[in-house]
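Undergrad:
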Amino acid sequence: ISTGSLSLDIALGAGGLPMGRIVEIYGPESSGKTTLTLQVIAAAQREGKTCAFIDAEHALDPIYAKKLGVDIDNLLCSQPDTGEQALEICDALTRSGAVDVIIVDSVAALTPKAEIEGEIGDSHMGLAARMMSQAMRKLAGNLKQANTLLIFINQIRMKIGVMFGNPETTTGGNALKFYASVRLDIRRTGAIKEGEEVVGSETRVKVVKNKVAAPFKQAEFQ
495 ISTGSLSLDI
505 ALGAGGLPMG
515 RIVEIYGPES
525 SGKTTLTLQV
535 IAAAQREGKT
545 CAFIDAEHAL
555 DPIYAKKLGV
565 DIDNLLCSQP
575 DTGEQALEIC
585 DALTRSGAVD
595 VIIVDSVAAL
605 TPKAEIEGEI
615 GDSHMGLAAR
625 MMSQAMRKLA
635 GNLKQANTLL
645 IFINQIRMKI
655 GVMFGNPETT
665 TGGNALKFYA
675 SVRLDIRRTG
685 AIKEGEEVVG
695 SETRVKVVKN
705 KVAAPFKQAE
715 FQ
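Each residue of the sequence shown is one higher than the last, beginning at 495 in our numbering.
1) Roughly how many angstroms lie between the CA atoms of L664 and Q628, to the nearest whole one?
2) Could you name the residues of the same chain whose beta carbon sits closer than 7 Å to that of K703, not counting the 5 residues immediately before and after it, in chain order?
3) Quick check: the segment 533-550 against the segment 570-579, are at least 3 beta-carbon pairs closer than 8 Å?
4) According to DSSP, is Q716 helix, strand or coil?
5) Going along the chain, which unbroken runs of the beta strand (DSSP E) with 3 or more residues stay wholly within the segment 645-682?
6) Just verifying my parser: in three-state terms, what is the DSSP assignment at I548?
7) DSSP beta-bridge partners for A685?
8) Tell me which residues share the same chain as M630 and place their Cβ nearer than 7 Å to its Cβ, disregarding the 5 neighbours each side in the sequence.
9) Determine the contact status of S501 and L530, defining contact as a CB-CB distance below 9 Å.
10) Based on DSSP bridge pairs, tell me the residues matched to V595.
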């Protein structure tokens, strides 16, 4: 499926994102992660594909999505309460075979049920990672059979006390890193201005991992 950006499609090598696979898109806040996924939805809908948006962050703006070419009336949208519920919805949609593209926004907002029902301050070490790990094992095979593309949007966190190497890490444990066929690192590099008004952003995307073509390519677009 096209990403809505020609340079990124070329960098991905396969002419866009691969069907039947898991894709992770991560980057700092307001770097264009959701915008990119909405463009993927718009491109998929133009090809007559059915798309679903699982909005765990409860932050989807339908007016903005419409501007990007998304057909809101034909977009399945769900706002789950817990992480488990979101991942169950993913699995149900996949097994139905009726949905071609599923977006989860975002992994960081997939909060385990035990954490939501617990007190603030309770320790829930590793719960989210375990939940993601179980879900990945279940989803990977089903996605392949159904030929459904599942895109996870993820945020960046800083590792504490890293002196050497990259201190940045993504949320939700390591399972997603392993199961994702494509991982995209998206960064905002500058603003596009008309006079004094900012009307868009310049974006750089690095293909950090690619199991379907050559990795480590970059694309820049507006």
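Glycine included, every Cβ here is placed at the ideal spot set by N, Cα and C.
TA: According to the structure shown:
1) Indexing the sequence shown from 1 puts residue 664 at position 170. Indexing the sequence shown from 1 puts residue 628 at position 134. Per the sequence shown, the amino acid found at residue 664 is Thr instead of Leu. Rounded to the nearest angstrom, the two C-alpha atoms are 18 Å apart.
2) The count along the sequence shown starts at 1 and reaches residue 703 at position 209. Here the set comprises A674, V676, R677, P709.
3) Verdict: yes, contact present.
4) In the sequence shown, counting from the first residue as 1, residue 716 sits at position 222. Coil.
5) If you keep only unbroken beta strand (DSSP E) runs of at least 3 residues inside the segment 645-682, you get 662-664.
6) By 1-based counting over the sequence shown, the position of residue 548 is 54. If DSSP states are grouped into helix, strand and coil, I548 belongs with the strands.
7) Counting from 1 along the sequence shown, the entry for residue 685 is found at position 191. Residue pairing for A685: DSSP places it in a beta bridge opposite S695.
8) Locating residue 630 in the sequence shown gives position 136, counting from the first residue. The residues are A669, L670, Y673.
9) To locate residue 501, count along the sequence shown from 1; it is residue 7. To locate residue 530, count along the sequence shown from 1; it is residue 36. Contact: no.
10) What you label residue 595 is simply residue 101 of the sequence shown in a count that begins at 1. Beta bridge pairing from DSSP links V595 with C545, L643.
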